[in-house]
Every structure is written in C-alpha cells, then in structure tokens.
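My numbering applies: residue 1 is where the sequence shown begins, and numbers increase by one.
Every residue, glycine too, gets a C-beta built ideally from N, C-alpha and C.
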Amino acid sequence: MSSLGTLLEHFKADIESVKQRDPAAKNTLEIILTYSGLHAVAAYRVSHFFYEKKLYLTARVISQLARFFTGIEIHPGAKIGKGLFIDHGMGVVIGETTEIGDNCLIYQGVTLGGTGKDHGKRHPTLGNNVMVGSGARVLGPFKVGNNVKIAANAVVLEAIPDNCTAVGVPARIARCNGKPTADLDQVHIPDPVAQELCKMSVRLNRLEKKLGVEVPDADKTDVCFNEKDKKE
C-alpha cells in the first residue's frame with residue numbers, strides 16, 4: 001500500500017529522472033512548475049493511493065482532471081515504479097493493468113494499452129530502464145524486458161527480451177546484443193528490412209563475381225548504409 005513517505009520518495013525520484021534525461025531542464029523549480037509529464041505522474045501517484053484504498057471514484061476524478069490539464073491519461077489502477085519520465089507527454093495513454101518498472105522513459109503519443117480481446121490482465125508490463133519512442137503502441141498483456149528500446153511509431157504485439165531494440169509495424173527485434181540501452185537516441189536505430197536487403201545485395205554481388213557477370217554501373221547501387229550493417 002502507498003504511504004505519504006512513499007509518495008514523496010517517488011516524487012523526488014521522478015524529479016531526479018527529469019534532471020538526468022532532459023538537457024533542457026534548468027533547475028528543480030522549473031521542473032516542478034512547468035513539466036506536464038511530472039504533473040501527470042504526480043497526479044497518478046495520488047490517484048493510485050486512493051485506488052488502493054478502494055475509493056475508485058475519487059481516484060478516477062483525480063486522473064481525469066490530470067488528463068484535462070496535461071493531455072496525459074494514466075489509469076489510477078496502473079502500477080508504476082519510481083523515476084518515470086514522460087517527456088512532452090501529450091497523447092500518452094497508460095491502461096489500468098499496465099505495470100512499469102523503475103527509471104523508464106516515455107515520449108509523446110505512446111499507448112500502453114490492450115487489444116480488446118483479453119480479460120483481467122489486459123495491458124503490458126514494462127521492465128526497468130525501458131525507453132518507448134514517440135507514437136509507439138504497446139498492446140497486450142505481455143512482458144517487455146529490462147533495458148529495452150522501442151522505436152518511434154513501432155507497434156509491439158508480443159514480448160521483447162531484455163536488452164533488445166524493437167522497430168517496425170508490427171515490431172521486430174532489430175538488435176539484441178546483451179548490453180543495457182543507456183542512450184536516448186531515437187534516430188540511429190537499426191532497420192531490419194534494410195539489413196536483410198543488405199545481406200541479399202552482398203550475396204548477389206558474390207554470385208555475379210563467381211559467374212563472371214558484368215553488371216552496369218547504374219545497377220551497382222549499394223543498399224548497405226555502412227560497414228556495420230554489412231557485417232550484420
């Protein structure tokens with residue numbers, strides 16, 4: 001059960017998470033007064049306190065007021081660890097049975113929701129240190145492991161192991177190298193389709209050389225973006 005001490009501890013951790021991850025954050029007072037993601041998470045923690053006390057109407061009223069003022073909807077029944085940072089946040093939706101671990105980062109337009117066909121546990125469970133890129137959809141009662149990175153606009157419909165990067169619609173695991181995802185880069189994310197095309201291009205070039213086929217320069221376009229993709 002939540003207590004006042006726990007609420008304050010989590011609030012401090014949420015502020016510290018903003019300081020560590022947002023270079024635009026100047027000081028604690030600015031974060032407290034101007035960060036809508038922090039306001040939404042703080043309101044969630046209060047509403048969750050009432051939800052656990054079975055004061056469901058009070059909890060929902062608080063969550064809906066937070067939605068009105070921040071554009072972020074977090075159901076008071078969700079279970080969220082400390083250090084959650086919702087950056088920008090407009091359009092974020094977090095469902096009732098969602099579980100989020102510690103030190104996670106969520107960008108605007110993210111949905112942690114259900115598919116409509118499940119009962120009971122309907123929403124995803126996120127591990128620790130998970131980053132969910134803007135516009136991503138994580139739908140269903142499965143587990144997203146620790147240190148996972150979900151690319152912008154990805155649609156995740158099944159479980160993701162620890163330390164992996166998922167991209168695409170539906171999402172596919174593009175990289176899983178056993179190392180924690182510490183960076184916040186949403187741009188330089190591997191593209192599994194491009195990687196497969198790269199592999200095919202390399203194999204075709206080798207076959208053409210063996211067969212002695214002369215390929216016009218116009219057809220020698222290399223789909224590999226860099227040497228790292230060629231190796232993969």
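In this structure, DSSP gives Arg45 a helical state, which the three-state scheme calls helix. Pro161 and Glu214 have their C-alpha atoms spaced approximately 45 Å apart. Here the alpha carbons of Arg122 and Ala59 stand approximately 20 Å from one another. Annotated three-state conformation of Met131 is strand, per DSSP.
Within the same chain, and ignoring the five residues on either side of Ile80 in sequence, the residues whose Cβ sits closer than 6 Å to its Cβ are Ile100. Beyond the five residues adjoining it in sequence on each side, Lys19 comes within less than 6 Å, by CB distance, of Ala25 in the same chain, given in chain order. Per the C-alpha coordinates, the member of Pro124, Met200 and Leu38 positioned closest to Gly95 is Pro124.
DSSP places Lys143 within a strand segment (E or B) once states are collapsed to three.
Counting along the chain, no alpha helix (DSSP H) covers Ile173; the unbroken beta strand (DSSP E) around it starts and ends at Arg172 to Cys176. Leu211 has its alpha-carbon roughly 10 Å from the corresponding atom of Leu204. With distances taken between CA atoms, Gly135 lies nearest to Val167 out of Lys143, Asn129, Val167 and Ala43.
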